[in-house]
Amino acid sequence: MEREPHRDPLNDRDEGEVDLIGYLLGALDPDEAARVAARIDRDPLLRDEADRLYASLPKTEATWGSELPPPGLAERTMAALEQFADSPAAAALSSTGASAAVRPLAVEPVPASAVSSSTVSSSDGGTSGFGSRSWGLQDWIAVTAMTALLASLAVPALINSRHQAQLTACRNNLRTVGRAIGDYADIHRGRMPVGEPGSPFETVGAYAPILAAESLIRDDDLICPSSSFKNEVGTFRIPTAEQLIRMKPDALAYMQRVMGGSYGFTLGYAIDGAVQELKREGNPFRVVMADRPEGGDLAVAHGNGMNVLFDDGHCAFLHLDSPSLLDPQLFVNRIGAVAPGLDQDDSVIAPSHVRRVWPVRLQD
99 MEREPHRDPL
109 NDRDEGEVDL
119 IGYLLGALDP
129 DEAARVAARI
139 DRDPLLRDEA
149 DRLYASLPKT
159 EATWGSELPP
169 PGLAERTMAA
179 LEQFADSPAA
189 AALSSTGASA
199 AVRPLAVEPV
209 PASAVSSSTV
219 SSSDGGTSGF
229 GSRSWGLQDW
239 IAVTAMTALL
249 ASLAVPALIN
259 SRHQAQLTAC
269 RNNLRTVGRA
279 IGDYADIHRG
289 RMPVGEPGSP
299 FETVGAYAPI
309 LAAESLIRDD
319 DLICPSSSFK
329 NEVGTFRIPT
339 AEQLIRMKPD
349 ALAYMQRVMG
359 GSYGFTLGYA
369 IDGAVQELKR
379 EGNPFRVVMA
389 DRPEGGDLAV
399 AHGNGMNVLF
409 DDGHCAFLHL
419 DSPSLLDPQL
429 FVNRIGAVAP
439 GLDQDDSVIA
449 PSHVRRVWPV
459 RLQD
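Its first residue numbered 99, the sequence shown is counted upward by one per residue in my numbering.
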């Protein structure tokens, strides 16, 4: 029986050489890898050789991970080989005839237990295996410092953003009430929403139930989100005229104190002790509403200033460093009393419970 001539599956004259090791290690470029895979599929001897080589390769977790090889590994390897081929060392090997006696490379399997942490650790002590990295003290310090830095930048920004949102909401409330006052004045021949002396509506906070009775404002329009009043009253409801009339003295006193919401309203002015009818004149310099004064301090709701509504309907935020507009005189008249002003230019903003009357002690 005639023996079949021996055939080297790695060096087929018809199809060229096959780099099985490079293929198994994933070091070939995509086109070359596809060509080798096709050869393996149709050549049983080549497939057996590939299986033998694969079985001999070390497969410890540290050296046979799931990560892809770095991009360009095959190109860099071939470039290094070409550089070595042109070096004196390669010429010396060729002169000794070593290149003519190249034998298949025997790769011995390496058991996983033989790979110690010191073997797979890099020289700088910062890496382990192929891609994992251990965290040292310096890494944690850097991360902690970065986190603290980001927090120091983010927290003030968040606080300021919230403050600005509350400030804007408060100002929008005053604009809404300002439009309501304008609509009321148009309906009532220029008169502003004030109650009659001696009635449950004689305090400045009566503007709220008067405007609400004509559906010009809602409950939420009178609550500044950053004022302490919001937390004091909980759920706020503007009372109706019928409710005020039927209230007992204690309940009425409480309701007169809170029914104006988070804002103070103008007391108007008096001439020779006689409180004048309060009309809307469209004066852009006369303040008719503002954040309610709390605890004797100015602008506690907004820190360094307050929102105010002027007689012409425009709103502004006035800072504490504006002495000509925002000083204690905004909450008392020129003689220092929480009472109507001495003339049209003497604006006085009072809390909800203050009555629009000229105090008896000031009549002399």
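All residues carry an ideal CB built from backbone N, CA and C; glycine is no exception.
Pull up the distance between the alpha-carbon of residue i and that of residue j, whole angstroms please.
i           : j           : result
residue 409 : residue 243 : 53 Å
residue 289 : residue 305 : 11 Å
residue 342 : residue 353 : 8 Å
residue 448 : residue 346 : 24 Å
residue 412 : residue 280 : 11 Å
residue 276 : residue 348 : 31 Å
residue 216 : residue 136 : Bear in mind that the predicted position of residue 216 carries a pLDDT of just 45, short of 50, making it unreliable; the figure below should be weighed with that in mind. If you take the alpha carbons of residue 216 and residue 136, they lie about 40 Å apart.
residue 357 : residue 445 : 21 Å
residue 311 : residue 338 : 7 Å
residue 150 : residue 239 : 49 Å
residue 407 : residue 383 : 10 Å
residue 322 : residue 336 : 15 Å
residue 435 : residue 245 : 54 Å
residue 221 : residue 264 : Below a pLDDT of 50, predicted positions are generally treated as unreliable, and residue 221, at 44, falls in that range; no measurement from the model is reported.
residue 223 : residue 140 : Residue placement at residue 223 cannot be trusted, given a pLDDT of 46 that sits under 50; the coordinates are not used to answer.
residue 364 : residue 371 : 17 Å
residue 123 : residue 260 : 57 Å
residue 128 : residue 236 : 40 Å
residue 457 : residue 355 : 19 Å
residue 121 : residue 142 : 17 Å
residue 378 : residue 433 : 24 Å
Using a Cβ-Cβ distance under 8 Å, would residue i count as near chain D?
i           : result
residue 414 : Going by chain labels, chain D is absent from the structure shown, which holds only one protein chain.
Would residue i and residue j be called neighbours here (beta carbons separated by less than 8 Å)?
i           : j           : result
residue 376 : residue 292 : yes
residue 455 : residue 373 : yes
residue 77  : residue 134 : The structure shown does not extend to residue 77, since the chain is modelled only from 99 through 462, so no value can be given for it.
residue 295 : residue 366 : no
residue 428 : residue 388 : yes
residue 417 : residue 303 : no
residue 327 : residue 362 : no
residue 247 : residue 278 : no
Buried or exposed: which applies to residue i, given that a residue is buried once 16 or more other Cβ atoms fall within 10 Å of its Cβ?
i           : result
residue 262 : exposed
residue 266 : exposed
residue 152 : exposed
residue 313 : exposed
residue 368 : buried
residue 297 : exposed
residue 234 : exposed
residue 268 : buried
residue 380 : exposed
residue 443 : exposed
residue 241 : exposed
residue 307 : buried
residue 118 : buried
residue 144 : buried
residue 203 : With a pLDDT of 43 at residue 203, under the threshold of 50, the predicted position of this residue should be treated as unreliable, and no value is reported.
residue 403 : buried
residue 344 : exposed
residue 146 : exposed
Return the Cβ separation of residue i and residue j in integer angstroms, given the expectation that the two are a contact with Cβ distance under 8 Å.
i           : j           : result
residue 300 : residue 453 : 5 Å
residue 138 : residue 148 : 5 Å
residue 324 : residue 390 : The pair is not a contact, with the Cβ atoms about 12 Å apart (cut-off 8 Å).
residue 431 : residue 415 : Actually they are not in contact, since the Cβ atoms of residue 431 and residue 415 sit about 24 Å apart, beyond 8 Å.
_Three or more C-beta pairs below 8 Å linking the stretch 259 to 276 and the stretch 331 to 339_ = no
*Is it true that the stretch 279 to 293 meets the stretch 316 to 328, where meeting means three or more beta-carbon pairs spaced less than 8 Å apart?*
no
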